[in-house]
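Peer 1: Residue 119 is where the sequence shown starts when you use the numbering used here, and the numbers rise one by one after that.
All C-beta atoms in this analysis are idealised placements derived from N, C-alpha and C, irrespective of residue type, glycine included.
Nothing here was measured: the structure is a model prediction, and the numbers come from that model.
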Amino acid sequence: MNFDFQHCIRCTICVENCPVFRVNPDFPGPKQSGPDSQRFRCDGETSVDQWIGLCSQCKRCEVACPYGVNPAEIILREQLNYGKKHFRAPVSRLFSNVYYLGNLTSLLAPLANKLVSVKFVRRIMAFFGISEYLNFPPYRFHAMERSWPWKGSSKRARKVAFFYGCYLNYNRPDIGRKIRDLFASMGFRVILPRQVCCGLPALGNGDLATARRLANRNAAILAQYIDRGYDVLYACTSCGLMLTRDYPGMLDIEAGKKIAENTYNIHEYILKLLDEGLLDLNFKAVAAKIAYHIPCHLRALGIGYPAARLLERIPGLDIAVLDDMCCGLAGTYGFKKKNQETSFKLGVIAAQALKETAADCIMADCGACRLQLSQLSGMPARDPAEILFESLNNVVNSSKR
Ligand code: SF4
Ligand code: SF4
């Protein structure tokens, strides 16, 4: 048993920072679900706290706690424990395996996209526990995994392996290819390593075995690249949190520490090279006002807001940073009917704040945040890499494959 909970002094700062507690009266918040209840839990005993599944794993409580207690991790461990008996509804099983689902949906993309937009089909999905308020993001046949797997000569000194994750893979491969081509144009050898889902959806749906299996497959490949002198890059902040924190931590993956030490957010990586004088970029003006929604998992990474720091070098760009709201979707959490109301309420609060900035568009590093906030605000949403690409497109051309 992890004894971190004993450091809790019951200050309730985490409760103040919990978005789910704010809108869902059935959830007692991180203090009670985490350290308070942990005092009465025993190893090997299954929790009877049904509300344990209401936590979205946004990790805001952990960022807020001044005493180093990790309420979200205590709750996650209990979700997994609880999951053995109670947390395995068909919808959770489905979302645990969302990678395989994405694989199939991408192959059947035009047909699958049409099907999930039909009302009758949505009703059937709702019967099986899938929420109805959000449109599914379209899947693309030309996924990242079917894109050209490398760019730049193998003789180049700087080498990066890009972990693009499921969202860029199946839903927005155009952004993934821009990132690949951007790094190639900056003089890197870029590899798109063979990869599967980072494992986060499985972990968040109570399926530790699947999360470990996926993580082990990724770790084996990424570790080989690291041994050959590659740094690993990620764009999705939730994938980044898995690779750098949960692989060596919760999942206890053999090469986890090596991966964590050699893995970087793409913007963090570019900034590091600029700061070290190893890169010289000529930013072209982009005239736009942008409302930057900071994803919860970017805050949890503890690397600051590198995209904001990088993009502030672009002339003409006006960025308003909003970092005190959760979008509410939290990956597959908001796609479950039982969380629909919570997810929707949080999304509406965040969308309203974004609209009040009167910006031209929303920006967020996380595809799920963009999906939720764009649909609820009616504003277009972009990945920071798209704006970076636009500014640097005088030197970069993206290819279709
Ligand atoms: S977990 Fe941390 S923030 Fe929450 S009540 Fe305990 S000490 Fe305070
Ligand atoms: S992870 Fe997020 S939803 Fe869960 S208890 Fe912490 S702040 Fe609340």
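Going by other Cβ atoms of all chains shown within 10 Å of its Cβ, with 16 needed for buried, is Asp-299 buried or exposed?
Peer 2: Asp-299 should be labelled buried.
Peer 1: Could you name the residues of the same chain whose beta carbon sits closer than 6 angstroms to that of Asn-511, not counting the 5 residues immediately before and after it, in chain order?
Peer 2: Nothing meets the Cβ criterion.
Peer 1: Quick one: does the C-beta of Lys-407 sit closer than 7 angstroms to a heavy atom of ligand 1?
Peer 2: No, Cβ of Lys-407 sits at least 7 angstroms from all heavy atoms of ligand 1.
Peer 1: Can you round the beta-carbon distance between Ala-468 and Met-497 to whole angstroms, since I take them to be within the 8 angstroms contact cut?
Peer 2: Not a contact, Cβ separation roughly 11 angstroms.
Peer 1: What do you reckon, are the CB atoms on Ala-409 and Ala-378 nearer than 8 angstroms?
Peer 2: Not closer than 8 angstroms, so no.
Peer 1: Below 7 angstroms, is the gap between the Cβ of Val-187 and the nearest heavy atom of ligand 1?
Peer 2: Checking every heavy atom of ligand 1 against the Cβ of Val-187, one is found closer than 7 angstroms.
Peer 1: Taking Cβ positions, are Gly-317 and Ala-327 nearer each other than 8 angstroms?
Peer 2: Against a cut-off of 8 angstroms, the Cβ pair of Ala-327 and Gly-317 comes out as no contact.
Peer 1: Any heavy atom of ligand 2 closer than 7 angstroms to the CB of Val-308?
Peer 2: Val-308 Cβ: outside cutoff for every heavy atom of ligand 2.
Peer 1: Answer with buried or exposed for Val-138, where buried requires no fewer than 16 other C-beta atoms within 10 angstroms of its C-beta.
Peer 2: It is buried - the Cβ of Val-138 has at least 16 other Cβ atoms within 10 Å.
Peer 1: Along the chain, where does the alpha helix (DSSP H) that runs through Ala-302 open and close?
Peer 2: Residues 291-303.
Peer 1: Would you mind sorting Cys-160 into buried or exposed? The rule is 16 or more other CB atoms within 10 Å of its CB.
Peer 2: The residue in question, Cys-160, is exposed, as its Cβ has fewer than 16 Cβ neighbours within 10 Å.
Peer 1: Is it true that the CB of Arg-312 sits closer than 8 angstroms to the CB of Lys-277?
Peer 2: Not closer than 8 angstroms, so no.
Peer 1: Which of helix, strand or coil does DSSP assign to Phe-280?
Peer 2: Phe-280 falls in the strand class under three-state DSSP.
Peer 1: Can you check DSSP and say which residues form a bridge with Cys-479?
Peer 2: Cys-479 pairs with Ile-408.
Peer 1: How many whole angstroms separate the CB atoms of Val-563 and Glu-508, which I take to be in contact at a CB cut-off of 8 angstroms?
Peer 2: As displayed, the chain neither begins before 119 nor continues past 519, which places residue 563 out of reach and without an answer.
Peer 1: Could you check if Gln-168 is buried or exposed, using at least 16 other CB atoms within 10 Å of its CB as the buried criterion?
Peer 2: Classification for Gln-168: exposed.
Peer 1: Counting only C-beta atoms, is Leu-396 closer than 8 angstroms to chain C at any point?
Peer 2: Absent from the structure is chain C; it holds one protein chain and no more.
Peer 1: Smallest Cα separation from Cys-315: which of Ile-297, Arg-346, Ser-356 and Gly-270?
Peer 2: With distances taken between Cα atoms, Cys-315 lies closest to Ser-356.
Peer 1: Go to Tyr-218, then tell me how far its alpha helix (DSSP H) extends in each direction, as first and last residue.
Peer 2: From DSSP, the alpha helix (DSSP H) with Tyr-218 extends over 216-225.
Peer 1: Distance, Cα to Cα, Asp-364 vs Arg-417?
Peer 2: Going by the C-alpha atoms only, they are around 15 angstroms apart.
Peer 1: Return the CA-CA distance between Val-514 and Glu-134, expressed in angstroms with no decimal places.
Peer 2: A caution first: Val-514 carries a pLDDT of 49, below 50, which makes its placement in the model unreliable, though a value can still be read off. Cα to Cα, Val-514 sits roughly 45 angstroms from Glu-134.
Peer 1: Compute the Euclidean distance between the alpha carbons of His-125 and Cys-179, then round it to the nearest angstrom.
Peer 2: Rounded to the nearest angstrom, the two C-alpha atoms are 14 angstroms apart.
Peer 1: Could you tell me the alpha carbon to alpha carbon distance between Ser-495 and Thr-450, rounded to whole angstroms?
Peer 2: In a straight line, the C-alpha of Ser-495 is about 20 angstroms away from that of Thr-450.
Peer 1: Using the DSSP secondary-structure output, state which residues sit across from Lys-454 in a beta bridge.
Peer 2: Lys-454 pairs with Ile-248.
Peer 1: Assess contact between the region 229-242 and the region 342-352, defined as three or more Cβ pairs (one per stretch) separated by less than 8 angstroms. Is contact present?
Peer 2: Contact fails: fewer than three Cβ-Cβ distances are below 8 angstroms.
Peer 1: Exposed or buried, what is Arg-258 when buried is set at 16 or more other beta-carbons lying within 10 Å of its beta-carbon?
Peer 2: Label assigned to Arg-258: buried.
Peer 1: Tell me the DSSP secondary structure of Trp-268 in three-state form.
Peer 2: Trp-268: strand per DSSP, three-state reduction.
Peer 1: Would the beta-carbon of Ala-227 be found less than 7 angstroms away from any heavy atom of ligand 2?
Peer 2: Checking every heavy atom of ligand 2 against the Cβ of Ala-227, none is found closer than 7 angstroms.
Peer 1: Comparing C-alpha positions only, which one of Gly-270, Ala-448 and Gln-490 sits nearest to Phe-254?
Peer 2: The candidate whose alpha carbon is nearest that of Phe-254 is Gln-490.
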